[in-house]
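Numbering (my numbering), first residue to last: 82 to 381.
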């Protein structure tokens, strides 16, 4: 992704608009509007042009002044919100990650973060050290007060955290386990979709619920949407398309995903996304985060 000079441009130009309210009207949310802008060469002073909702992905750093500056620059450049990653205040020992990843990290650049003169530390490790390991919901509320734009919280998996986030006024929640790269044996986002949706509905909150992780086929999207997500986020599959065929490759992957989703809907008798229900999904008894005894009563 970071190797491709026009990654952000190619992906955004093929992205569809994200969902904007119930009943759900669109299904796909492409990862590029939530670019890793700390590491991207695309300037926060220039909002990506596309048909989607441009969100600036942010991490909470120890130096809040840097974060506030990025947010201010994004506000005046046309971004419409922020996706704040909350699931990685700490990382695993970077000395034992795969050799290929460390080689790749040496080529990373951090053009929008303060430079460190003559630093022998790789950009990846330097970025990890800049994160705030003591991040709390109170910090996130303070961050929300610093901007007029809405904030989505990315990396929540707990129904309790989802309800708390909604009660604090955050616009949306992105269920994600960070690609399984943070906590070993962590549940997948799909395993908690139904529980989170039920918790939000019972508490009376209407917030956008997005899900990422493991969406490789249209059938995967069908399952997540039926369990209660408003839209799904895709990343790796379009990036493979990008690697093979640039912008055209991304477009072909998204087209294929959509065709697979449409076929699954036809085969289950659904003419709209709003007709997808939990009853269409078989959940193996004993699943970590889905209570199969009450799944069928989940309010929709």
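Cβ coordinates follow ideal geometry from the N, Cα and C atoms, glycine included.
Report the residue from the options whose alpha carbon sits nearest the alpha carbon of residue i.
i	options	result
residue 339	358, 165, 302 and 289	302
residue 215	286, 334, 143 and 282	143
residue 278	233, 290, 252 and 268	290
residue 283	241, 271 and 318	241
residue 167	342, 296 and 237	237
residue 320	312, 313, 311 and 335	335
residue 210	348, 140 and 352	140
residue 293	318, 300 and 256	256
residue 258	267, 250 and 218	267
residue 271	265, 362, 206 and 218	362
residue 224	251, 202 and 206	251
residue 337	134, 318, 269 and 138	318
Apart from the five residues just before and just after residue i, which ones in its own chain have a Cβ nearer than 8 Å to its Cβ?
i	result
residue 230	152, 155, 156, 160, 161, 162 and 163
residue 326	333
residue 136	114, 115, 160, 161, 162, 163, 164 and 233
residue 244	280, 281, 284 and 286
residue 309	274, 275, 277, 278, 279, 290, 359, 379 and 381
residue 227	149 and 152
residue 247	254, 281, 284, 286 and 288
residue 220	141 and 213
residue 169	140, 212, 236, 259 and 263
Considering only DSSP beta bridges, list what residue i is partnered with.
i	result
residue 253	233 and 289
residue 140	166
residue 212	142
For residue i, which residues of its own chain have a beta-carbon under 7 Å away from its beta-carbon, when the five flanking residues on both sides are left out?
i	result
residue 145	none
residue 147	194 and 195
residue 342	108, 299, 302 and 303
residue 217	none
On the DSSP letters alone, give me the boundaries of the beta strand (DSSP E) that residue i sits inside.
i	result
residue 165	162-166
residue 314	312-315
Quick check on residue i: buried or exposed, where buried means 16 or more other Cβ atoms within 10 Å of its Cβ?
i	result
residue 344	exposed
residue 366	exposed
residue 296	buried
residue 195	exposed
residue 304	buried
residue 311	buried
residue 299	buried
residue 357	buried
residue 322	buried
residue 348	exposed
Please report the residue range of the alpha helix (DSSP H) in which residue i lies.
i	result
residue 171	Counting along the chain, residue 171 falls outside any alpha helix (DSSP H), and DSSP gives it neither H nor E.
residue 243	240-248
residue 306	299-307
residue 146	145-157
residue 226	218-226
residue 269	Where residue 269 is concerned, there is no enclosing alpha helix (DSSP H), given that its DSSP letter is neither H nor E.
residue 281	274-284
Quick one: what's got a C-beta closer than 6 Å to residue i's C-beta in the same chain, skipping five residues either side?
i	result
residue 112	Reliability of the predicted coordinates at residue 112 is poor, the pLDDT of 39 falling under 50, and no value is obtained from them.
residue 222	249
residue 172	209
Please tell me whether residue i has its Cβ less than 8 Å away from any Cβ of chain B.
i	result
residue 348	Of the protein chains in the structure, only one exists, and it is not chain B.
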